[in-house]
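Q: Sending over a structure as C-alpha cells; questions will come in a sec.
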Amino acid sequence: MGKRFRGVAVAAATGFTLASGLVAMSSAALAAEGTAGASASAQDVRDVDWRNTTFPVSEVGGCPPATVTFVDGAGETEDRVYRFAPDSEIVYGDVVGHGGESALLIMQCGPRNSEYSTAVVGVDVDESGRISSLGTAGNKATWEIVPVDVAIWHGDVAVRFEDFGTGEFTNEYYRFVSGEGFVRI
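In C-alpha cells form, the structure reads like this:
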C-alpha cells in the first residue's frame, strides 16, 4: 500500500494510533439524517456496487453537490467529471451513530481535461435501499492537497492528506453532526 496508512489502528486508553502518529479520539454516538438521494437495489451499504451506480455526491473541491451515475468508477454532469480516486478503497463504519455502517469514498472531481480536486465523501443506505449523502470530510480548495487515506474509529473519521507541493503528510479528524455533515474536530 506504499504511502497509505490504513492497516494498523491500535486502540489506546484515550485514542488510537495510526502509522502516522498518536491522536486522541473520543467515541461518537450521534444521530444523523441523510440528504435525499437515489435508490439502490441493495439494502446494505456493503452490497452497493459504488463504482457502478447512481448516488448523490457532496461537494468535492469546486464541484457542487450532484447526483451522479457512475460507470466503472466515473460519471459526468453537464460540465464536471466525478470519479473514484485511483487505487482508493471504500471504508465502512458507523460514522453517524445509528448502529449501521456508512461508506466513505475518496472522490475526485473537476472540469473535463483539467486537474481534479479530491475529497472524502460519506454516503449511507437506509432500510429501503435509498442512498443519501452524509457530506464531505476533508474538502480542500486546491488540487495539490489530497486525501490519500481514511480510517474510522468509534465514529470519528481520520483523513491523511498529502501535499504535492511540499511532499508532506498531515492528518485531520472529523465527526458527523446531524444537519451539519462532517465537522473538523
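Quick note on the numbering used here: the sequence shown kicks off at 93 and runs consecutively. From the three backbone atoms N, C-alpha and C, an ideal C-beta is built for every residue, glycine too.
(1) Below 8 Å on the Cβ atoms is my contact criterion, and I expect residue 250 with residue 231 to pass it. Report the Cβ-Cβ distance as a whole number of Å.
(2) What is the DSSP secondary structure of residue 231, counted as helix, strand or coil?
(3) Quick one: residues in its chain with C-beta nearer than 7 Å to the C-beta of residue 119, no 5 flanking neighbours on either side, listed in chain order?
(4) DSSP on residue 140, reduced to helix/strand/coil?
(5) CA-CA distance, residue 185 and residue 194?
(6) Would you call the CB atoms of residue 273 and residue 210 closer than 9 Å?
(7) So, is residue 260 buried or exposed, given that buried needs 16 or more other C-beta atoms within 10 angstroms?
(8) Let's test the definition: count the other Cβ atoms within 10 Å of the Cβ of residue 277 and tell me whether it reaches 16, buried, or not, exposed.
A: The relevant details are as follows:
(1) Locating residue 250 in the sequence shown gives position 158, where the first residue counts as 1. Locating residue 231 in the sequence shown gives position 139, where the first residue counts as 1. 15 Å between Cβ atoms; not a contact.
(2) Against the sequence shown, residue 231 aligns to sequence position 139. DSSP places residue 231 outside both helix and strand once states are collapsed to three, so it counts as coil.
(3) If you number the sequence shown from 1, residue 119 lands on position 27. Model confidence at residue 119 stands at a pLDDT of 27, short of 50, so the residue's coordinates are unreliable; what they give is reported in the following sentence. 246, 247.
(4) Start at 1 with the first residue of the sequence shown, and residue 140 comes out as number 48. If DSSP states are grouped into helix, strand and coil, residue 140 belongs with coil.
(5) As a position in the sequence shown, residue 185 is number 93, starting the count at 1. As a position in the sequence shown, residue 194 is number 102, starting the count at 1. Spanning the two alpha carbons is a distance of roughly 6 Å.
(6) Along the sequence shown, read from residue 1 onward, the residue named residue 273 stands at position 181. Along the sequence shown, read from residue 1 onward, the residue named residue 210 stands at position 118. Pairing residue 273 with residue 210 gives a Cβ-Cβ distance that is not under 9 Å.
(7) For the purposes of this step, residue 260 is identified with residue 168 of the sequence shown, where counting begins at 1. Label assigned to residue 260: exposed.
(8) In the sequence shown, the residue the question calls residue 277 occupies position 185. Residue burial is scored here from C-beta neighbours: residue 277 has fewer than 16 other C-beta atoms within 10 angstroms and is therefore classed as exposed.
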